[in-house]
Amino acid sequence: NAGVTQTPKFQVLKTGQSMTLQCAQDMNHNSMYWYRQDPGMGLRLIYYSASEGTTDKGEVPNGYNVSRLNKREFSLRLESAAPSQTSVYFCASSEADRGVNSPLHFGNGTRLTVT
Amino acid sequence: AQKVTQAQTEISVVEKEDVTLDCVYETRDTTYYLFWYKQPPSGELVFLIRRNSFDEQNEISGRYSWNFQKSTSSFNFTITASQVVDSAVYFCALKPFSGGYNKLIFGAGTRLAVHP
Numbered sequence: 020n021a022g023v024t025q026t027p028k029f030q031v032l033k034t035g036q037s038m039t040l041q042c043a044q045d046m047n048h049n050s051m052y053w054y055r056q057d058p059g060m061g062l063r064l065i066y067y068s069a070s071e072g073t074t075d076k077g078e079v080p081n082g083y084n085v086s087r088l089n090k091r092e093f094s095l096r097l098e099s100a101a102p103s104q105t106s107v108y109f110c111a112s113s114e115a116d117r118g119v120n121s122p123l124h125f126g127n128g129t130r131l132t133v134t
Numbered sequence: 022a023q024k025v026t027q028a029q030t031e032i033s034v035v036e037k038e039d040v041t042l043d044c045v046y047e048t049r050d051t052t053y054y055l056f057w058y059k060q061p062p063s064g065e066l067v068f069l070i071r072r073n074s075f076d077e078q079n080e081i082s083g084r085y086s087w088n089f090q091k092s093t094s095s096f097n098f099t100i101t102a103s104q105v106v107d108s109a110v111y112f113c114a115l116k117p118f119s120g121g122y123n124k125l126i127f128g129a130g131t132r133l134a135v136h137p
């Protein structure tokens, strides 16, 4: 049971470089999310996709773009990385957007360092 | 404001002690959902429990129990007879029903260290 798979697990970028974080889920979930985790701040929502074909900004979207490629895949792109984007990034999925009892299922995270 | 406060940044206990992790939330919604997640040292986030705002019954699952009190806007988590494997960061999260999407608002987390 793969669940939510994120790649890569680790990445080091130089300021100004770009990269795409990949996420795929095999649970047939409608909704997918990208969070970042920073010390002392919990997890903050970057972008989410309520269903295939839709994406919306979360709490901290600046500097990021997303693509919901299909129902399974939701990628996060950093066009010009900045040191402030050093963080651990988590992808998550859930059964439905307004599901009353649908917990998020998380991937294992991507640890990104921008120098 | 909608927020979750976990005032305890770090807790250190000795094995077999009981420990309570506090969670206080704020929301304007009358319908909302509360969650606890565990993040062990390996880094993944593991779902532990969900509770909706209309169900104030306490819940017990093995050594874990949760106390939900709407009067104090708290959803505290107690581990009885703690074990080293309980060492992790624990996050409390709030999902207000308004907003139209499954947005979780996380607390900053409490790091629990259980020593042998």
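Protein sequence lines, in the order shown, are assigned to chains Y and L. The opening position of the first sequence corresponds to residue 20 in the working numbering, with each subsequent residue numbered one higher. The opening position of the second sequence corresponds to residue 22 in the working numbering, with each subsequent residue numbered one higher. Even for Gly, the Cβ is constructed at its ideal location relative to N, Cα and C.
C-beta atoms of residue i and residue j nearer than 8 Å
i                : j                : result
Ala95 (chain Y)  : Trp53 (chain Y)  : This sequence places Leu at residue 95 (chain Y); Ala is not what is there. Their beta carbons are under 8 Å apart, which means Leu95 (chain Y) touches Trp53 (chain Y) by this criterion.
Ser106 (chain Y) : His124 (chain Y) : no
Thr26 (chain Y)  : Ala100 (chain Y) : no
Tyr54 (chain L)  : Lys116 (chain L) : yes
Thr24 (chain Y)  : Gly126 (chain Y) : yes
Thr26 (chain L)  : Gly128 (chain L) : yes
Arg87 (chain Y)  : Gln44 (chain Y)  : no
Tyr108 (chain Y) : Gly128 (chain Y) : yes
Ser70 (chain Y)  : Ser50 (chain Y)  : yes
Among the options, the one whose alpha carbon lies nearest that of residue i
i                : options                                   : result
Phe56 (chain L)  : L:Leu133, L:Arg49, L:Asp43 and L:Gln29    : L:Asp43
Pro58 (chain Y)  : L:Arg132, L:Pro137 and L:His136           : L:Arg132
Gln23 (chain L)  : L:Gly130, L:Val135, L:Ala134 and L:Phe118 : L:Phe118
Ser94 (chain L)  : L:Ser86, L:Gly83, L:Asn73 and L:Ser82     : L:Asn73
Asp76 (chain L)  : L:Ser33, L:Phe96 and L:Val135             : L:Phe96
Lys91 (chain L)  : L:Arg84, L:Gln78 and L:Ser82              : L:Gln78
Arg84 (chain L)  : L:Thr48, L:Gly130, L:Tyr58 and L:Asp107   : L:Asp107
Ala134 (chain L) : L:Gly64, L:Val34, L:Phe89 and L:Thr48     : L:Val34
Ile126 (chain L) : Y:Val79, Y:Leu32, Y:Gln41 and Y:Lys28     : Y:Val79
Glu65 (chain L)  : Y:Arg63, Y:Leu32 and Y:Cys110             : Y:Cys110
Ser103 (chain Y) : Y:Asn81, Y:Phe93 and Y:His48              : Y:Asn81
Ser63 (chain L)  : Y:Ser121, Y:Pro122 and Y:Lys28            : Y:Lys28
Pro122 (chain Y) : Y:Gln41, Y:His48 and Y:Phe93              : Y:His48
Thr30 (chain L)  : Y:Phe93, Y:Gln41 and Y:Met60              : Y:Met60
Tyr46 (chain L)  : L:Lys59, L:Tyr58 and L:Ala28              : L:Ala28
Contact set between residue i and chain L, taken where Cβ atoms lie within less than 7 Å
i                : result
Asn127 (chain Y) : Gly64 and Glu65
Phe109 (chain Y) : Leu66
8 Å Cβ cut-off: residues of chain L touching residue i
i               : result
Met60 (chain Y) : Ala129
Contacts that residue i makes with chain Y (C-beta to C-beta distance below 8 Å)
i                : result
Lys124 (chain L) : Leu64, Tyr67 and Gly77
Phe112 (chain L) : Gly61 and Leu62
Residue i: contacting residues in chain Y (beta-carbon distance under 9 Å)
i               : result
Phe68 (chain L) : Pro122, Leu123, His124 and Phe125
Phe56 (chain L) : Pro122 and Leu123
Supposed contact pair residue j and residue i - C-beta distance, whole angstroms, cut 8 Å
i                : j                : result
Val105 (chain L) : Pro137 (chain L) : 6 Å
Gln56 (chain Y)  : Leu131 (chain Y) : 11 Å between Cβ atoms; not a contact.
Tyr66 (chain Y)  : Tyr83 (chain Y)  : 6 Å
Gly72 (chain Y)  : Met46 (chain Y)  : In fact, because the Cβ distance is near 18 Å, the residues do not count as touching under 8 Å.
Leu32 (chain Y)  : Val133 (chain Y) : 5 Å
Query raised in the report: Taking three-plus beta-carbon pairs below 8 Å as touching, is the segment 89–107 of chain L in contact with the segment 27–38 of chain L?
Result: yes
Problem set entry | Validate contact between the segment 56–69 of chain L and the segment 102–111 of chain L using beta carbons, cut 8 Å, 3 pairs | yes
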